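This report refers to the structure that appears directly beneath it.
There are 2 protein chains.
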Amino acid sequence: MGITIKDIATIAGVSTSTVSLVMSGKGYVSNKTRQKVQNVIDEYNYRPLLAARQLANNRTGNLGFIISDVHLARSEAFYSRVLHGAELEARNYDTSLILSSVAMDLAIPGNIPRFLKGRDVDGVIVAGSVPDELIRYLKNENIPLVLIDYRVPNLKIDTVFMDNRSGLSLVINHLVSQKIKKIAFIGGSNRHPSIKERFEGYQIAMEHAGLGHISRDEKYRYFIESETNMEVGIEGISEVLKNVPDIEAVVCVNDTTAAGCIQQLRKLKKRIPKDIAVVGFDNNNYASMTHPPLTSVQVPKIELGVEAIRLLISRIENPQQIHQTRIIPVDLIIRESSLKSI
Amino acid sequence: MGITIKDIATIAGVSTSTVSLVMSGKGYVSNKTRQKVQNVIDEYNYRPLLAARQLANNRTGNLGFIISDVHLARSEAFYSRVLHGAELEARNYDTSLILSSVAMDLAIPGNIPRFLKGRDVDGVIVAGSVPDELIRYLKNENIPLVLIDYRVPNLKIDTVFMDNRSGLSLVINHLVSQKIKKIAFIGGSNRHPSIKERFEGYQIAMEHAGLGHISRDEKYRYFIESETNMEVGIEGISEVLKNVPDIEAVVCVNDTTAAGCIQQLRKLKKRIPKDIAVVGFDNNNYASMTHPPLTSVQVPKIELGVEAIRLLISRIENPQQIHQTRIIPVDLIIRESSLKSI
DNA sequence: CTGAAAGCGCTTACAG
DNA sequence: CTGAAAGCGCTTACAG
């Protein structure tokens with residue numbers, strides 16, 4: 001079942017070694033022989049069986065893509081775009097992407113993805129937060145590894161991030177340029193590095209604009225230790241309004257939080273942006289569907305995936321290279337929710 | 001590098017055959033030997049190399065998941081949830097999911113996914129529409145195949161669908177029960193079977209409710225030959241209003257179209273649902289974020305993926321079984337956009 | 001109940 | 001420049 005290298009060799013009247021050399025382009029094969037063999041390959045549309053090649057090469061040509069099931073189940077299409085980018089780029093390296101979602105409470109090593117148990121991948125990408133224990137396991141097992149939008153303290157691992165700090169700088173500058181000064185920040189769990197960086201970006205930009213230093217326990221800041229969701233936005237804006245009734249703008253750690261915030265502000269009959277401007281982060285699919293449409297920081301999600309694959313491939317090819325962090329630039333997409341002039 | 005079955009055999013003082021038999025649970029092995037071997041396996045945490053097993057078994061344990069890049073890039077998280085369901089269920093069969101997106105204009109067989117060229121999967125799931133030529137290719141190559149939410153005329157293939165007709169029946173009944181009678185339908189390309197079925201469901205339900213037969217060119221019906229997107233909703237509702245100014249409700253072929261519809265109605269200062277009720281289909285992530293929140297038919301996306309894997313596995317295990325279509329039931333989620341009583 | 005041996009379809013030193 | 005042979009790490013008739 002299925003044509004093999006042996007068949008091709010027989011038909012072309014050469015040995016399997018020669019066929020193999022022709023396919024790989026390695027070694028010396030006379031032009032004449034090469035042509036002859038190539039013709040047979042083309043005629044029969046022969047493709048080597050990956051399983052056999054994998055065994056002989058001690059290389060699978062597969063890359064694992066691990067994501068927590070919470071992230072994959074999330075309403076935003078954020079990580080599915082990152083995945084898409086990874087898949088597109090994996091193809092450019094003649095590589096396949098094997099997907100596995102993991103539970104946040106998975107047993108290690110009992111419940112690790114099948115492709116790890118069976119050593120069926122050459123490297124692994126982890127998108128977003130997963131149990132730190134899993135990352136430590138991967139690191140220990142010496143599996144080439146790239147993290148996207150996540151980090152484990154004290155562990156040197158190749159990582160791809162979006163430029164969170166610059167994103168917040170763009171946001172604050174945009175607001176300040178409209179003479180807005182009282183700017184709140186609504187955030188989520190500080191455990192996640194991007195959320196932390198976004199708050200830091202906010203702090204830095206506020207200071208830079210001469211609006212003083214906003215500490216973590218400042219009343220302008222609402223911060224909750226949970227997954228970011230609409231509720232965080234709803235509670236956050238309520239809390240902030242209680243403390244600072246004349247707040248002029250609120251920056252949310254991401255679009256989901258901002259959507260909750262907008263919903264709550266509408267309920268409170270606040271006008272957006274006239275009374276309060278709202279800004280999100282991620283520029284997710286529904287940013288343009290909120291009412292009013294949401295100003296947000298555009299994160300190039302495809303690029304995050306693409307860059308992660310590139311970094312992973314280079315790590316596989318050069319295991320000794322120094323660990324690096326690649327930062328993907330972001331843009332501010334200005335929509336109605338933050339344009340006071342409207 | 002990596003512990004092999006030979007190592008285990010040597011350590012346990014048996015042959016590799018015996019180790020293999022213990023692992024697979026096939027054949028007879030004395031309890032004593034089995035224990036002895038199992039202990040060594042556990043102690044060394046030995047896992048067989050998948051590539052070797054694949055070669056020996058002529059079975060890869062991989063399943064391919066193919067989706068068009070347009071679908072994967074789409075704003076809704078629809079197919080990424082289907083994918084998630086497939087991944088979860090694949091695991092239950094000790095199987096890995098290899099993902100590949102394909103362009104709608106891909107060259108066949110030149111540009112087919114790597115896992116097809118290398119015969120690296122035991123079967124394939126195709127989610128949503130892809131080039132019909134690709135499906136014919138898969139069928140010709142005799143690769144076990146399951147389609148989700150798609151169909152090719154005159155081709156017998158296992159398929160998983162959501163219950164589109166019942167969905168529309170739920171919608172129409174819900175509207176009719178509120179004494180709404182003038183109900184328009186806004187749709188997309190008839191090429192897609194689900195869209196076709198939804199319109200048919202609408203026709204049937206309208207007739208059933210005594211509201212007459214609505215033909216394809218009826219003024220109540222706006223139908224456009226393109227991908228469904230917000231523009232279809234925007235243009236659709238404008239067109240319908242031109243023809244039937246006193247329209248009471250509009251049923252959209254999916255939530256994206258409905259979102260466009262809502263946006264346009266707001267622009268026209270129509271009150272939703274007071275002047276016009278709006279209903280979508282899919283119950284996508286942003287259905288609850290539109291203003292007002294959108295009534296929609298909930299499609300169990302995870303289940304679509306789960307059921308597709310089950311069907312595929314049973315096809316792989318029993319290649320001769322009759323081709324079947326499995327229909328996943330749907331629910332109506334009633335929100336503000338269609339509740340006249342509010 | 002267990003082991004020796006062949007085979008799965010490739011690749012790659014090695015000889016010539 | 002090309003071929004014979006060994007090897008990758010498994011599984012599975014087959015013998016005993």
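So the sequence lines, in the order shown, correspond to chains F and Z.
Residues 1 to 342, numbered by this note's numbering, are exactly what the first sequence covers, in order.
Residues 1 to 342, numbered by this note's numbering, are exactly what the second sequence covers, in order.
Yeah, the Cβ is synthetic: ideal placement off N, Cα and C, and Gly gets one too.
Note that this is a predicted model, so its numbers are computed, not measured.
### Against chain Z: residues of the segment 39 to 52 of chain F by CB proximity under 8 Å
N45, R47, P48, L49, L50, A51, A52
### Query
Where does A103/Z land, buried or exposed, given buried means 16+ other C-beta within 10 angstroms?
exposed
### Task
Count the C-beta pairs between the segment 6 to 14 of chain Z and the segment 39 to 49 of chain Z that are closer than 8 Å, then say yes if the count reaches three, no if not.
yes
### Query
Counting contacts by CB-CB distance shorter than 7 Å, is D120/F in contact with chain Z?
yes
### Query
Under the three-state reduction of DSSP, which class applies to L106/Z: helix, strand or coil?
coil
### Task
With 7 Å as the C-beta to C-beta threshold (strictly closer), list the residues of the segment 278 to 304 of chain Z near chain F in chain order.
N285, Y286, M289, T290, H291
### Task
Check the Cβ of F199/F against every Cβ in chain Z and list those closer than 9 Å, keeping chain order.
Simply none; closest approach about 25 Å.
### Query
Is there at least one Cβ from chain F nearer than 7 Å to Q320/Z's Cβ?
no
### Query
By the criterion of Cβ-Cβ separation under 8 Å, what are the contact partners of F115/F in chain Z?
L50, S96
### Task
State buried or exposed for K274/Z, treating a residue as buried only when at least 16 other CB atoms are found within 10 Å of its CB.
exposed
### Task
Below 8 Å on the Cβ atoms is my guess for D163/F versus P144/F; work out the distance and round it to an integer in Å.
Incorrect: roughly 25 Å between the Cβ atoms, too far for contact.
### Query
Under a CB-based cut-off of 7 Å, is L99/F close to chain Z?
yes
### Message
Tell me which residues share the same chain as L168/Z and place their Cβ nearer than 6 Å to its Cβ, disregarding the 5 neighbours each side in the sequence.
### Response
R198, G201, Y202, A205
### Query
With distances taken between CB atoms, is the gap from V160/Z to L304/Z smaller than 7 Å?
yes
### Message
For S80/Z, would you say it is in contact with chain F, using Cβ-to-Cβ distances shorter than 7 Å as the test?
### Response
yes
### Message
Assess contact between the segment 182 to 193 of chain Z and the segment 230 to 238 of chain Z, defined as three or more Cβ pairs (one per stretch) separated by less than 8 Å. Is contact present?
### Response
yes
### Query
What are the residues of the segment 241 to 274 of chain F that lie near chain Z, defined by any Cβ-Cβ distance shorter than 7 Å?
A259
### Task
Could you confirm whether any beta carbon from chain Z is found closer than 7 Å to the beta carbon of Q54/F?
yes
### Task
Report the option in Q178/Z, E227/Z, N285/Z, I272/Z whose CA atom is closest to the CA atom of M230/F.
N285/Z
### Three-state secondary structure assigned by DSSP to Y37/Z
First, the amino acid is wrong: residue 37/Z is Val here, not Tyr. Of the three classes helix, strand and coil, the one that applies to V37/Z here is helix, per DSSP.
### Query
Listing by chain order, which chain Z residues have their CB less than 9 Å from the CB of L88/F?
D69, S101
#### Entry: Interface residues of chain Z facing H84/F [CB-CB closer than 8 Å]
D69, L72, A73, S101
### Query
Should A9/F be flagged as near chain Z, meaning a C-beta pair shorter than 7 Å?
no
### Message
Give me the chain Z residues within the contact set of T60/F, using Cβ-Cβ distance strictly less than 7 Å, ordered along the chain.
### Response
A51
### Query
Closest Cβ-Cβ distance between A77/Z and chain F: below 7 Å?
yes
### Task
Closer than 6 Å by C-beta to N142/Z: which residues in its own chain qualify, once you throw out the five before and the five after it? Chain order, please.
none
### Contact belief for I66/F with S100/F at Cβ below 8 Å, rounded distance in angstroms
5 Å
### Message
Rounded to whole angstroms, what is the Cα-Cα separation between L88/Z and V306/Z?
### Response
7 Å
#### Entry: Start and end residues, alpha helix (DSSP H) containing G351/Z
Any property of residue 351/Z remains undetermined from this structure, which presents chain Z solely from 1 to 342.
### Task
Could you tell me the distance, in whole angstroms, from the CA atom of T16/Z to the CA atom of A259/F?
60 Å
### Task
Just the chain F side, please: which residues come within less than 8 Å of G233/Z by C-beta, in chain order?
Chain F residues near G233/Z: none, gap ~11 Å exceeds 8 Å.
### Message
I'd like to check one pair, V152/F with L138/F: are the Cβ atoms closer than 7 Å?
### Response
no
#### Entry: Contact set for V171/F: own chain, Cβ-Cβ below 7 Å, skip 5 residues either direction
V251, V279, V297, L332
### Query
Leaving out the 5 sequence neighbours to the left and right, which residues in its chain are closer than 6 Å to Y222/F when beta-carbon positions are compared?
I186, G236, E239, V240
### Query
Once you ignore the five residues that flank G64/Z on each side, which residues in its own chain have a CB closer than 6 Å to its CB?
I98, F115, V121, V124
### Beta-carbon proximity check, D158/Z vs L49/Z, cutoff 7 Å
no
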